[in-house]
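*Asks:*
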Amino acid sequence: MNDSVQARTAVIDACLWMVREGLTFGTWGNISLRLDDDRMLITPSKVPYEEMKPEDLIVMGLNGDILSGSRLPTSERELHRGILASRPDIRAIIHTHSACAMGVSTLDGGIPPLSEEMCQLIGGAVPVTSRFVPSEQHKELGDEVVRTLGDKNALLIRNHGAICCGRSLDEAKVCCQVVEKSARIYLAVKGSGYHPVEEPWVTAGRNYYLYAYGKT
Ligand SMILES: [Zn+2]
Numbered sequence: 017m018n019d020s021v022q023a024r025t026a027v028i029d030a031c032l033w034m035v036r037e038g039l040t041f042g043t044w045g046n047i048s049l050r051l052d053d054d055r056m057l058i059t060p061s062k063v064p065y066e067e068m069k070p071e072d073l074i075v076m077g078l079n080g081d082i083l084s085g086s087r088l089p090t091s092e093r094e095l096h097r098g099i100l101a102s103r104p105d106i107r108a109i110i111h112t113h114s115a116c117a118m119g120v121s122t123l124d125g126g127i128p129p130l131s132e133e134m135c136q137l138i139g140g141a142v143p144v145t146s147r148f149v150p151s152e153q154h155k156e157l158g159d160e161v162v163r164t165l166g167d168k169n170a171l172l173i174r175n176h177g178a179i180c181c182g183r184s185l186d187e188a189k190v191c192c193q194v195v196e197k198s199a200r201i202y203l204a205v206k207g208s209g210y211h212p213v214e215e216p217w218v219t220a221g222r223n224y225y226l227y228a229y230g231k232t
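So that you can map any letter, position 139 of the sequence shown is 155 in my numbering, and since no number is skipped, the others follow by simple counting.
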């Protein structure tokens, strides 16, 4: 994808959607969009979403270099850079501070695979980082997130929030909705017993979504 006003506007629209959906508020949360194998667009630090303009976004190399933009990229830039550098299949990342995801991030074990939609869109369970890492520890947070994500499409950062990925901004947005819905369901059922989706069906659901959905 070329760096264009359209691409930058799509990122800002996704930021405003995130606020409208109640997935974050204030200047928390952030979004990145892969431009190519080496570069991403990323949202700036400390700019209110409703005031954000296309020129406020930053083009950052996946090697860590700032390539264009006068703003400072989000303090959580290393987790975006680390995911896009290690997962060529991911093109968009949305980081939210949504309530139920944040609640589950305080528990051990993340969200188990509770539904077919989790299997299809996320690849099963949503893992959680094993420890809290402050956002200002950029490199440590990025390393912890990449290690925890593995081959999934979402994860929770301990005591912090959710990271939701996709092959497009639209898919990352649906991922945000599935993660928050699944976290809400898990908080409701975890004390009363539940049946997670069994492993063969987790893999089958993911493969169906990636390779056969809409074709059979
Ligand atoms: Zn955050």
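All residues carry an ideal CB built from backbone N, CA and C; glycine is no exception.
P64: buried (16+ other C-beta within 10 angstroms of its C-beta) or exposed?
*Replies:* Exposed, by the Cβ-count rule.
*Asks:* Tell me the residue span of the beta strand (DSSP E) that contains S48.
*Replies:* Note, S48: beta strand (DSSP E), 46 to 50.
*Asks:* Which residue's Cα is closest to the Cα of G98: V161, T112, I110?
*Replies:* For G98, the nearest C-alpha among the options comes from V161.
*Asks:* In terms of DSSP beta bridges, what is M76 paired with?
*Replies:* According to DSSP, which records beta bridges pairwise, M76 is partnered with M56, I82.
*Asks:* What are the complete alpha helix (DSSP H) segments, minimum 4 residues, inside the region 126 to 166?
*Replies:* Listed in chain order, they are 132 to 138, 154 to 165.
*Asks:* For S121, verify whether its CB is less than 7 Å away from any heavy atom of ligand 1.
*Replies:* False, no ligand heavy atom lies under 7 Å from that Cβ.
*Asks:* Between the beta-carbon of V75 and the beta-carbon of L51, is there less than 8 Å?
*Replies:* For V75 and L51, yes; Cβs fall inside 8 Å.
*Asks:* Does any heavy atom of ligand 1 sit closer than 7 Å to the C-beta of S151?
*Replies:* For ligand 1, at least one heavy atom lies less than 7 Å from the Cβ of S151.
*Asks:* Could you give the residue range of the alpha helix (DSSP H) that holds L32?
*Replies:* Per DSSP, L32 belongs to the alpha helix (DSSP H) from 21 to 36.
*Asks:* Alpha carbon to alpha carbon, how far is G77 from M17?
*Replies:* If I take the Cα positions, the gap works out to 14 Å.
*Asks:* Could you tell me which of V195, W44, N79, Y225 sits nearest to P129, measuring between CA atoms?
*Replies:* Nearest C-alpha to P129: V195.
*Asks:* Excluding five sequence neighbours on each side, which residues of the same chain lie with their C-beta closer than 8 Å to the C-beta of I12?
*Replies:* The question about residue 12 has no answer, for the chain in this structure spans 17 to 232.
*Asks:* What does a CB cutoff of less than 7 Å around I127 pick up in its chain, not counting 5 residues either side in sequence?
*Replies:* So the qualifying residues of the chain are V120, A141, V142, S198, A199, Y202.
*Asks:* Relative to the C-alpha of S20, which candidate in C31, E71, L39 has its C-alpha closest?
*Replies:* Considering only alpha carbons, the answer is E71.
*Asks:* Please report how far the alpha carbon of Q22 lies from the alpha carbon of V205, in whole angstroms.
*Replies:* Computed Cα separation, rounded: 42 Å.
*Asks:* Quick one: complete beta strand (DSSP E) runs, 3+ long, within the region 177 to 202?
*Replies:* Here the runs fully enclosed are 177 to 182.
*Asks:* First and last residue of the alpha helix (DSSP H) that includes H96?
*Replies:* From DSSP, the alpha helix (DSSP H) with H96 extends over 93 to 102.
*Asks:* Which residues mark the beginning and the end of the beta strand (DSSP E) in which T112 is found?
*Replies:* Unbroken beta strand (DSSP E) run through T112: 108 to 112.
*Asks:* Could you tell me the boundaries of the beta strand (DSSP E) in which A117 lies?
*Replies:* First-last for A117: 115 to 120, but that is the alpha helix (DSSP H), not the beta strand (DSSP E).
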